[in-house]
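Protein chains in written order, with this note's numbering: chain A, 766 to 961; chain B, 766 to 961.
Right, here's the structure in full:
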């Protein structure tokens, strides 16, 4: 049963769902700072990601509180993992290219990747870098081109830049204009979101 | 007199200065939160802005403290303004297009603007919007395309996305490969930065 919902809100939910991208995603690798996590979820919602993956093995998922900046978490599906092999196998079976952020010699700049194909980007803790077991199992590495004296970006800023590049490539390829979900999936999701 | 500086650091300073962009800039319009201001300066440094303009009329420039995240402020020139007409006249005389962030009917998406020409983007407080006197005098308005349930981005995230779009357009146009400064300017700036 659908609770009370205004026609405007229902239209908004339908419009947002019709542009949700289900085959690009981020993996949040032990990012613990609640401000950064909130900002990342807000950017995921803004740039139309349907789902994020949470890989928390050495850090805890933070308490995001009830601030308005945390409200985006309602609109982004979250899938928890603790087994790296299981997570990466899942991506591989679904034909998803997996890329991690990093700075090694073989890393390629963000814009060199094709984000119109199914993709998961592993976003790691800015100080500690990617979890060693993920470094071992994921060869593809991306960096955000920078040209400053301070060679790093805040992790939520890095996430937004990656999402914007994904989004821009998909916009140019016309992928945002065709719903990623079937009419039945859209109907089910609309019902579910209306109750949130 | 140049103080002690390692050859590596000198090379780094020269490399960074040779890619600094002097004809694109941000105007920070009363952005008061120190975390956001630090993150914005860090992104300005990372994406190669030589200078930012500070327009603080209703809010104070925040104390950024001594945290490492604030260290980028050393490498981005800051110009203070309190007279809007004087600031905007200065841009106009220098042939700089001025754009503000906003959401009105006539706003255009970020990617619709040409950032290869001299540009200043006025970045405003995310809650209060642009200062009224700037709204009145600046017609061009840009928005970051979003497709989520929560229709806003953190202001430091918005800044990074704008800077990344500027940077990407300039990279594609080959503008990053030619120094914006003359050899004499580069020599003077190298000396100045070596003493910081």
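Ideal placement from N, C-alpha and C gives every residue a C-beta, glycine not left out.
Thinking just about the alpha-carbon of each residue, which of the options is nearest to the one in residue i?
i, options, result
"residue 809/A", "949/A, 940/A, 921/A", "921/A"
"residue 899/A", "823/A, 797/A, 837/A, 940/A", "823/A"
"residue 802/B", "890/B, 957/B, 904/B, 929/B", "890/B"
"residue 804/A", "820/B, 930/B, 923/B", "923/B"
"residue 847/B", "769/B, 821/B, 948/B, 949/B", "821/B"
"residue 904/B", "883/B, 838/B, 870/B", "870/B"
"residue 837/B", "928/A, 919/A, 807/A", "919/A"
"residue 806/A", "943/A, 928/A, 958/A", "928/A"
Taking residue i and residue j to be in contact with their CB atoms under 8 Å, please state how far apart those CB atoms are, rounded to whole angstroms.
i, j, result
"residue 881/B", "residue 935/B", "6 Å"
"residue 827/B", "residue 849/B", "Contact doesn't hold; Cβ gap of about 21 Å is too wide."
"residue 877/B", "residue 926/A", "The pair is not a contact, with the Cβ atoms about 19 Å apart (cut-off 8 Å)."
"residue 856/B", "residue 885/B", "5 Å"
"residue 911/A", "residue 938/B", "18 Å between Cβ atoms; not a contact."
"residue 888/A", "residue 796/A", "7 Å"
"residue 815/B", "residue 786/B", "6 Å"
"residue 817/B", "residue 853/B", "Incorrect: roughly 16 Å between the Cβ atoms, too far for contact."
"residue 794/A", "residue 896/A", "6 Å"
Rounded to whole angstroms, what is the Cα-Cα separation between residue i and residue j?
i, j, result
"residue 766/A", "residue 825/A", "Confidence at residue 766/A is low in this model, with a pLDDT of 49, below 50, so its placement is unreliable and no value can be given for it."
"residue 771/B", "residue 960/B", "12 Å"
"residue 901/B", "residue 945/B", "32 Å"
"residue 868/B", "residue 916/B", "10 Å"
"residue 859/A", "residue 841/A", "20 Å"
"residue 774/B", "residue 874/B", "39 Å"
"residue 1040/B", "residue 866/B", "Any property of residue 1040/B remains undetermined from this structure, which presents chain B solely from 766 to 961."
"residue 906/A", "residue 831/A", "35 Å"
"residue 914/A", "residue 879/A", "29 Å"
"residue 864/B", "residue 940/A", "29 Å"
"residue 883/B", "residue 894/B", "24 Å"
"residue 769/A", "residue 872/B", "33 Å"
"residue 943/B", "residue 930/A", "24 Å"
"residue 776/A", "residue 958/A", "12 Å"
"residue 948/B", "residue 851/A", "56 Å"
"residue 839/A", "residue 829/A", "12 Å"
"residue 819/A", "residue 843/B", "39 Å"
"residue 892/A", "residue 813/B", "22 Å"
What residue does the alpha helix (DSSP H) around residue i start on, and which one ends it?
i, result
"residue 934/B", "920–937"
"residue 951/A", "948–959"
"residue 842/B", "Where residue 842/B is concerned, there is no enclosing alpha helix (DSSP H), although the beta strand (DSSP E) it sits in stretches over 842–846."
How is the beta strand (DSSP E) around residue i delimited, first residue to last?
i, result
"residue 962/A", "Given that chain A is displayed from residue 766 to residue 961, the structure contains no residue 962/A and the question cannot be resolved."
"residue 805/B", "From DSSP, residue 805/B is part of no beta strand (DSSP E) but of the alpha helix (DSSP H) over 799–811."
"residue 885/A", "884–889"
"residue 784/A", "It is not in any beta strand (DSSP E) - residue 784/A instead sits in the alpha helix (DSSP H) that spans 772–784."
"residue 790/B", "789–794"
"residue 907/B", "906–908"
"residue 819/A", "816–820"
"residue 857/B", "Careful: residue 857/B lies outside any beta strand (DSSP E), inside the alpha helix (DSSP H) at 849–858."
"residue 893/A", "Counting along the chain, residue 893/A falls outside any beta strand (DSSP E), and DSSP gives it neither H nor E."
"residue 863/B", "862–866"
Taking 8 Å as the line, does the beta carbon of residue i fall inside it for any heavy atom of the ligand HEM?
i, result
"residue 864/B", "What this structure holds is no ligand at all, so the ligand HEM is not there to describe."
**Asked** Does the segment 772–787 of chain B come close enough to the segment 950–958 of chain A that 3 or more CB-CB pairs lie under 8 Å?
**Response** no
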